[in-house]
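If you read the protein sequences in the order shown, they are chains A and B.
Everything in the first sequence is counted per the working numbering, starting at 1 for the first residue and increasing by one.
Everything in the second sequence is counted per the working numbering, starting at 1001 for the first residue and increasing by one.
Encoded as structure tokens, the structure appears first; notes follow it.
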Amino acid sequence: MKRGLQLALLFFGIALPALTGHAARIGDLSETNIAEQALRFFTFQDPAVRYALLGSILLGITCGLLGGFIVVRKMALVGDALSHAVLPGVALGFLWNMSKDPLAIFIGAVLAGLLGAAAVHLIKHTTRLKEDTALGLVLASFFAVGICLVTMIQRLPTGNKSGIDKFLFGQAAAIGAGDVQLMAVVTGLAVLVILLFYKEFLLTSFDAGFARAAGFPVQAIHYTLMLLLAFAIVIALQAVGVVLVSAMLITPAAAAYLLTDRMHRLLALAAIFGLFAGALGAFLSFLRPNLPTGPLMVLAATTIFVLAFLFGPRHGVLARWWRQRSSAARIQRENTLKAVYHVLEAREFKGEGVSLRELAERRRETVKDARQQAGELRRHDFASLQEDGNAIYLTPEGWQRACAIVRNHRLWELYLTNAAHIAADHVHEDAEKIEHVLGEEVVRLIEKRLNYATRDPHGRSIPGLADLRRGASPESPASGPTGYGRSA
Amino acid sequence: MNVLVPDFDFHRVFIAPWTENLASFGWITLMGFLVTATCGWVGNFLILRRMALVGDAISHSVLPGLAVAFLLSQSRGTLPMFLGALVAGIVATVLIELIHKKSRVKQDAAIGIAFTSLFALGVILINLYAGKGGVDLDQECVLYGEIAFVPLEPMVMVGGQILGPIPVVRMGFVALATALLIALFYKELLVSSFDPALAVSLGISATFVHYALMGWLSVVVVSAFESVGAILVIAMLILPGATATLLSHRLPVMLGLTLLHAALSAVLGIHLALWLDCSPAGAMVVAGTLIFVAAWIFSPSEGLLRRWFRARLEAPAVGSS
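Next comes the structure, spelled out in structure tokens:
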């Protein structure tokens, strides 16, 4: 509930200034809101420019919000199909009185969109055709009807100069006062419906089965969402164009999806990204005459997506790469520590230092590689190097880590042979991997399950807690690991 | 509305094209047939593989490839166009895979992002450079092609025999090549479409078949591009195959029905366009849609009517499935 309130505040923080700012501007050209400050910054004084920018911002918000739902519902291509399907509705709305009457076009387009959604549903449920084919069919056939109508309208004497072709690729400059009014109303409505039914939308998006079992009207919620989606598409038509509206739905929301795991944050981010993409696209399209707005907005949104894709803190490619790299380095270090332990174990823990030659032989690599590994251990305070640099001594931390890894390895081998009854000569490979990821709690459980056994399937002793605590200190080197069954 | 829908003049719509104007309408209809048939054949496999919307994506994505090829070569020659489209198609396929595999964005959204971005890039390139250096790619062409303006001169002559206008001959070659490729790799396509696991066990690389199909799809799309534009291509890809799917369960029969659908929609479409005076490519798709709807309702095996009758027959027998 509290979150809903925060959400509401956030949305109205964005939507209300836009709404009221617009209302103020109809009567007098007062210059008091943020949007106009931004405009003055770009030295836009033309009202057409203000309408265009305001319209682009409104459509960005609506598309971002609705896009958030369709992306998490895996309905991205439904958005694409719907956006193409509205074209005949736009053309018919245009024919209503042969002008760009926003309301007539809005009604025509929403009806066409819903008809398209119904057609997809029907094809899916009464034929063998799969959803993707149904979507493609509706997309293409509705669009073709629309193209026929558009070319017929353009043939008419009044048709050519009316700018119906602007609906195909979008021209933000064509947005008028009436359009902005309609867009503001629709945006307000969409935000309101989402706020009121946030819980319902959320639940049906993530767990439709549970929602149905809990008695939510899943089907009705689905169609409400489709209706809102049609609204979002229609108000974006003028600026983005039929062909690319789906990008304004998908791309900002997908970028938000890469940055957060919480739905309300995703919606807020998607709305903000949509807003930026819209404003930037509108701005860029004014820089040169005849640049279509839609493609520029789409590229702006794509840029945001690419940034999120590369630099997202948790799911970004760079973050993943960095995580993989550092985990690979950690595994490498742990393997070196294990090798040091094995060397010490082979001479029954007599003597402290391990020469690099011994280490290299153990790991079947060159002394040079061993030297590099030793340096790596030293950097992480796991070991110190002899003055001449030819032998390493484990620090207490290094000793503990080495014991822990060997313990993980041998415990896991024992667990696989005892509990899963896997042959003893088949368990090593698996243990090589799991030793780096076993957490302390799991280790405790396995130890308990194995009755604190001290020998692994190959007869070697499993380092115990006492060995971990003791550290490889000079006072007690030669006694060997104590293990669990014995007293420290 | 009277102005919008011209009076139906039987002679003008049905007789004239086949008598007085045969020279141009014959070629336009043939072109429409070739485009629909070629796309339809490739589309059959897309539908089987549930990749219908990947076809949509590729058809949008070839645009920047075309624009760049055009700017580099300063011509609308066949080879640069095909190469550009091929590269763009592969880039789109790789981008979709990349977004899908390297992030948690699902495949549908990945498709949506990749193709809209590429298409937007293409539109901007065309807008920036339209009119410079005789660039005659324009927005209208992108949207619904210019099948009505297929240049009839010069004709391709082989051994003194007139073969046809260049675009028609080119499309004919693509159609033949498509038929040949399908015939040659029929088993691979069939097995990998219906049973990927079996395909792998037979040593057929699913990845290779996927990329090969995408590559050839780009070639087909670009050869159709000039006639029907980037968006109506999706209709040519899906409609014939979807109609055939409703009428038959057997792939060879479906491929044959695809040809029939292509021929019918080309002929009906051209007449529809003549009557309504609208975009011929759009009209062909509308005609194809009507045929699809007819198959949907009247299909003898699974049409809506058949289902309705069956439901009525079975309704009284309680307990029968």
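Where is the CB? At the ideal position from N, CA and C, for every residue including glycine.
Just so we're clear, the structure is a prediction, and the values are computed from it rather than from any experiment.
Where residue i meets chain B, residues with beta-carbon distance less than 7 Å
i: Pro292/A; result: Val1123, Asn1127
i: Val120/A; result: Here the premise fails: no neighbours, minimum Cβ distance about 12 Å.
i: Met152/A; result: Leu1004, Leu1276, Asp1277, Cys1278
i: Pro295/A; result: Ala1120, Val1123, Ile1124
i: Arg155/A; result: Asp1277
i: Leu318/A; result: What Leu318/A touches in chain B: nothing, since even the nearest Cβ is about 11 Å away.
i: Leu280/A; result: Near Leu280/A there are no residues of chain B at all, since even the closest Cβ is about 13 Å away, more than 7 Å.
i: Cys148/A; result: Leu1276, Cys1278, Ser1279, Gly1282, Ala1283, Val1286
Range of the contiguous alpha helix (DSSP H) that encloses residue i
i: Ser1265/B; result: 1251-1276
i: Glu365/A; result: Element bounds for Glu365/A: n/a, residue is neither H nor E.
i: Gln324/A; result: 317-346
i: Gly170/A; result: Here Gly170/A belongs to no alpha helix (DSSP H), and DSSP marks it neither H nor E.
i: Pro1080/B; result: 1078-1102
i: Phe1298/B; result: 1280-1298
i: Phe142/A; result: 131-155
i: Gln1074/B; result: That residue, Gln1074/B, is in no alpha helix (DSSP H); it is neither H nor E in DSSP.
i: Arg1312/B; result: 1304-1314
i: Met297/A; result: 293-311
i: Ile1111/B; result: 1107-1129
Contacts that residue i makes with chain B (C-beta to C-beta distance below 8 Å)
i: Ile272/A; result: Going along chain B, no residue has its Cβ under 8 Å from Ile272/A, so there is no contact; the nearest lies around 18 Å.
i: Ile235/A; result: Those within 8 Å of Ile235/A in chain B number zero; the least Cβ separation is about 18 Å.
i: Phe286/A; result: Per Cβ cutoff of 8 Å: no residues; Phe286/A is ~14 Å from chain B at best.
i: Val437/A; result: Simply none; closest approach about 21 Å.
i: Ala247/A; result: Gly1112, Ile1113, Thr1116, Ser1117, Ala1120
i: Thr126/A; result: Trp1296, Leu1304, Arg1307
Continuous beta strand (DSSP E) stretch holding residue i: start and end
i: Ala391/A; result: 391-394
i: Leu385/A; result: 383-385
Partners in chain A for residue i, counting only beta-carbon separations shorter than 8 Å
i: Arg1104/B; result: Tyr257, Leu258, His315
i: Leu1257/B; result: Per Cβ cutoff of 8 Å: no residues; Leu1257/B is ~14 Å from chain A at best.
i: Gly1032/B; result: Ordered by position in chain A, no residue passes the 8 Å Cβ test against Gly1032/B, which lies about 13 Å from the chain.
i: Ile1182/B; result: Result: empty, since nearest Cβ-Cβ is about 19 Å, beyond 8 Å.
i: Leu1053/B; result: Leu77, Asp80, Asp132, Leu135, Gly136
Amino acids of chain A, ordered along the chain, whose beta-carbon sits closer than 7 Å to that of residue i
i: Val1042/B; result: What Val1042/B touches in chain A: nothing, since even the nearest Cβ is about 13 Å away.
i: Arg1050/B; result: Lys130, Asp132
i: Asp1108/B; result: Lys74, Ala76, Leu77
i: Ile1047/B; result: Thr133
Interface partners of residue i on chain B, CB under 9 Å
i: Pro252/A; result: Near Pro252/A there are no residues of chain B at all, since even the closest Cβ is about 10 Å away, more than 9 Å.
i: Val145/A; result: Gly1282, Val1285, Val1286, Thr1289
i: Leu225/A; result: What Leu225/A touches in chain B: nothing, since even the nearest Cβ is about 16 Å away.
i: Leu139/A; result: Leu1053, Asp1056, Ile1231, Ile1234, Ala1235, Ile1238
i: Leu244/A; result: Thr1116, Phe1119, Ala1120, Val1123
Contact list for residue i against chain C, beta-carbon separation under 9 Å
i: Ile1028/B; result: Absent from the structure: chain C. Protein chains present are A and B.
Any non-hydrogen atom of the ligand GTP within 8 Å of residue i CB
i: Ala173/A; result: Looking at this structure, you won't find the ligand GTP or any other ligand, since it has none at all.
Chain A residues whose Cβ lies nearer than 9 Å to that of residue i
i: Leu1189/B; result: The contacting residues do not exist; Leu1189/B stays about 17 Å from chain A at best.
Point to revise | Contact set between the stretch 1289-1314 of chain B and chain A, restricted to residues whose Cβ is under 8 Å from the partner | key: For the stretch 1289-1314 of chain B, residues whose beta-carbon sits nearer than 8 Å to a beta-carbon of chain A comprise Thr1289, Phe1292, Trp1296, Glu1302, Leu1304, Arg1307.
**Study point:** Runs of alpha helix (DSSP H) wholly within the stretch 173-247 of chain A (minimum 4 residues, chain order)
**Key:** With a minimum length of 4 residues, the continuous alpha helix (DSSP H) runs that stay inside the stretch 173-247 of chain A are 177-196, 198-206, 208-213, 218-240.
Practice item. With 8 Å as the limit, tell me which residues of the stretch 63-97 of chain A have their beta carbon closer than that to any beta carbon of chain B; keep them in chain order. Key: Taking 8 Å as the cut-off between beta carbons, the residues of the stretch 63-97 of chain A near chain B are Val71, Lys74, Met75, Ala76, Leu77, Gly79, Asp80, His84, Leu95, in sequence order.
Review point. Fully enclosed by the stretch 1158-1224 of chain B, which beta strand (DSSP E) runs are 3 residues long or longer?
Key: The qualifying runs are 1161-1165.
Practice item. Output the residue ranges of the alpha helix (DSSP H) runs that lie fully inside the stretch 429-470 of chain A and measure 4 residues or longer, sorted by chain position. Key: Here the runs fully enclosed are 440-449, 465-470.
Review point. Touching or not, the stretch 296-314 of chain A and the stretch 243-257 of chain A, by the rule of three or more beta carbon pairs under 8 Å?
Key: The answer is yes - the stretch 243-257 of chain A touches the stretch 296-314 of chain A, with three or more Cβ pairs under 8 Å.
Check your understanding: Which parts of the stretch 31-112 of chain A are runs of the alpha helix (DSSP H), unbroken and 4 residues or longer, counting only runs that do not cross its ends?
Key -> At a cut-off of 4 residues, the continuous stretches assigned as alpha helix (DSSP H) that sit fully inside the stretch 31-112 of chain A are 34-41, 47-72, 76-85, 87-97.
Practice item. Flag this pair as touching only if the stretch 191-201 of chain A and the stretch 239-246 of chain A have three or more C-beta atom pairs under 8 Å; answer yes or no. Key: As far as the Cβ criterion goes, the stretch 191-201 of chain A does not touch the stretch 239-246 of chain A, which means the pair count is below three.
Review point. Between the stretch 400-412 of chain A and the stretch 428-447 of chain A, do three or more beta carbon pairs fall short of 8 Å?
Key: With the cut-off at 8 Å, the stretch 400-412 of chain A and the stretch 428-447 of chain A touch.
Check your understanding: Going along the stretch 1233-1259 of chain B in order, which residues come within less than 9 Å of chain A, judged by CB to CB distance?
Key -> Under the 9 Å Cβ criterion, the stretch 1233-1259 of chain B contributes Val1233, Ile1234, Ala1235, Met1236, Leu1237, Ile1238, Leu1239, Gly1241, Ala1242, Thr1245, Leu1246, His1249.
Practice item. Inspect the CB distances between the stretch 57-77 of chain A and the stretch 119-129 of chain A and report whether three or more fall short of 8 Å. Key: These segments do not touch.
Exercise for review: May I ask you to verify whether the stretch 1037-1055 of chain B touches the stretch 1273-1282 of chain B, counting CB pairs closer than 8 Å and requiring at least 3?
Suggested key: The count of Cβ pairs closer than 8 Å, one atom from the stretch 1037-1055 of chain B and one from the stretch 1273-1282 of chain B, stays below three, leaving the stretches out of contact.
Exercise for review: Evaluate the contact criterion for the stretch 1227-1240 of chain B versus the stretch 134-142 of chain A: three or more CB pairs, one atom per stretch, below 8 Å.
Suggested key: Yes, the stretch 1227-1240 of chain B is in contact with the stretch 134-142 of chain A.
Exercise for review: Say whether the stretch 1091-1111 of chain B touches the stretch 1238-1257 of chain B, bearing in mind that this needs 3 or more beta-carbon pairs closer than 8 Å, one atom from each stretch.
Suggested key: A contact between stretches requires three or more CB pairs, one per stretch, nearer than 8 Å, and the stretch 1091-1111 of chain B fails this requirement with the stretch 1238-1257 of chain B.
Review point. Is there contact here, the stretch 76-92 of chain A with the stretch 1103-1123 of chain B, by at least three beta-carbon pairs under 8 Å?
Key: Judged by Cβ distances under 8 Å, the stretch 76-92 of chain A makes contact with the stretch 1103-1123 of chain B, as three or more pairs qualify.
Check your understanding: Do the stretch 201-219 of chain A and the stretch 76-96 of chain A touch if we need at least three Cβ pairs shorter than 8 Å?
Key -> Three or more Cβ pairs closer than 8 Å define a contact, and the stretch 201-219 of chain A falls short of that threshold against the stretch 76-96 of chain A.
Check your understanding: Pairing CB atoms from the stretch 267-279 of chain A with CB atoms from the stretch 314-327 of chain A, are three or more of them under 8 Å?
Key -> With a cut-off of 8 Å on Cβ pairs, the stretch 267-279 of chain A is not in contact with the stretch 314-327 of chain A, counting fewer than three such pairs.
**Study point:** Cβ pair count under 8 Å reaching 3, the stretch 1060-1076 of chain B against the stretch 1186-1196 of chain B
**Key:** They do not touch, by the three-pair rule.
Check your understanding: Is there contact here, the stretch 149-156 of chain A with the stretch 1248-1259 of chain B, by at least three beta-carbon pairs under 8 Å?
Key -> As far as the Cβ criterion goes, the stretch 149-156 of chain A does not touch the stretch 1248-1259 of chain B, which means the pair count is below three.
Check your understanding: Quick one: any contact between the stretch 379-395 of chain A and the stretch 333-343 of chain A, if contact means 3 or more CB pairs under 8 Å?
Key -> Taking a cut-off of 8 Å for Cβ pairs, the stretch 379-395 of chain A and the stretch 333-343 of chain A touch, as three or more such pairs fall below it.
Practice item. Please determine if the stretch 442-462 of chain A and the stretch 409-416 of chain A are in contact, where contact requires at least 3 C-beta pairs separated by less than 8 Å. Key: Segments in contact, yes.
Point to revise | Stretch pair the stretch 81-91 of chain A + the stretch 274-284 of chain A: three plus CB contacts closer than 8 Å | key: Taking 8 Å as the limit for Cβ pairs, the verdict is that the stretch 274-284 of chain A does not touch the stretch 81-91 of chain A.
Check your understanding: With a cut-off of 8 Å, do at least 3 Cβ pairs link the stretch 127-136 of chain A to the stretch 1046-1056 of chain B?
Key -> Taking 8 Å as the limit for Cβ pairs, the verdict is that the stretch 1046-1056 of chain B does touch the stretch 127-136 of chain A.
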